[in-house]
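Numbering (this note's numbering), first residue to last: 266 to 434.
Think of the CB as a built atom: it goes at the ideal place given N, C-alpha and C, for glycine as much as any other residue.
Predicted model only: the values in this text are computed from it and were never measured.
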């Protein structure tokens, strides 16, 4: 039997594939929904430079692929990789996309939160906490202009959403 390969398709897996597979196996064996690794130790295991590990994390463990990577500098470069529940992923991606728009629209975000709560993607309590974070009155009282407090509001909301994605606490 003759095999036909697409242009650019390698016959053998490369180092990036091996590192990805190793990390996915660790995630599958984890009792949590995350793993914690040290960049330098992983680079040593695969006899590569730490930047190769960064490449794998950026390309193969992105939010679009269903992962959240938290990197801590110092102490050997500790990295935590979270697996995002695939059922909830589409809704989370939509919500995070809305928060990163140029103009943060509180009304639209509240509607999305309500929809996610109704679909039981987030609890009522989580919905209330997120709604409290986006209350315009809090930011207006800060003395910042609307565009500046909009950036702050969006950033705080995005950070809170990322924490909710981390289900393995």
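So residue i and residue j are supposed to be a Cβ contact under 8 Å. How far apart are they, rounded?
i: residue 402; j: residue 371; result: About 11 Å separates the two Cβ atoms, so there is no contact after all.
i: residue 318; j: residue 328; result: That pair is no contact at about 18 Å.
i: residue 427; j: residue 333; result: 6 Å
i: residue 346; j: residue 288; result: 6 Å
State the start and end residues of the unbroken beta strand (DSSP E) segment that holds residue i.
i: residue 301; result: 299-303
i: residue 335; result: 332-337
Please classify residue i as buried or exposed, where buried requires at least 16 neighbouring CB atoms within 10 angstroms.
i: residue 338; result: exposed
i: residue 419; result: buried
i: residue 390; result: exposed
i: residue 300; result: buried
i: residue 321; result: buried
i: residue 294; result: exposed
i: residue 280; result: exposed
i: residue 348; result: buried
Starting from residue i, follow the alpha helix (DSSP H) in both directions and report where the run begins and ends.
i: residue 382; result: 371-383
i: residue 410; result: No alpha helix (DSSP H) contains residue 410, which DSSP labels as neither H nor E.
i: residue 349; result: Neither: residue 349 is in no alpha helix (DSSP H) and is coded neither H nor E.
i: residue 317; result: 315-325
i: residue 397; result: 389-398
i: residue 368; result: Note, residue 368: premise wrong, no alpha helix (DSSP H); not H, not E.
i: residue 296; result: Where residue 296 is concerned, there is no enclosing alpha helix (DSSP H), given that its DSSP letter is neither H nor E.
Which residues in the same chain have their Cβ closer than 6 Å to the Cβ of residue i, if we skip the five residues on either side of it in sequence?
i: residue 392; result: 378, 382
i: residue 325; result: 285
i: residue 421; result: 398
i: residue 335; result: 345
i: residue 369; result: 415, 418, 419
i: residue 408; result: none
Take residue i and list the residues in its own chain whose beta-carbon comes closer than 7 Å to its own, dropping the five residues that flank it on each side.
i: residue 313; result: 280
i: residue 315; result: 304, 305, 308, 342
i: residue 292; result: 300, 346, 348
Go through its chain and collect everything with a Cβ distance to residue i's Cβ below 8 Å, but skip five positions before and after it.
i: residue 517; result: Past the boundaries of the shown model lies residue 517; the chain is included only from 266 to 434, so the question cannot be answered.
Taking 8 Å as the threshold, find out whether the region 405-415 comes into contact with the region 378-394 through three or more Cβ pairs.
No, because fewer than three Cβ pairs between the region 405-415 and the region 378-394 fall closer than 8 Å, the two stretches do not touch.
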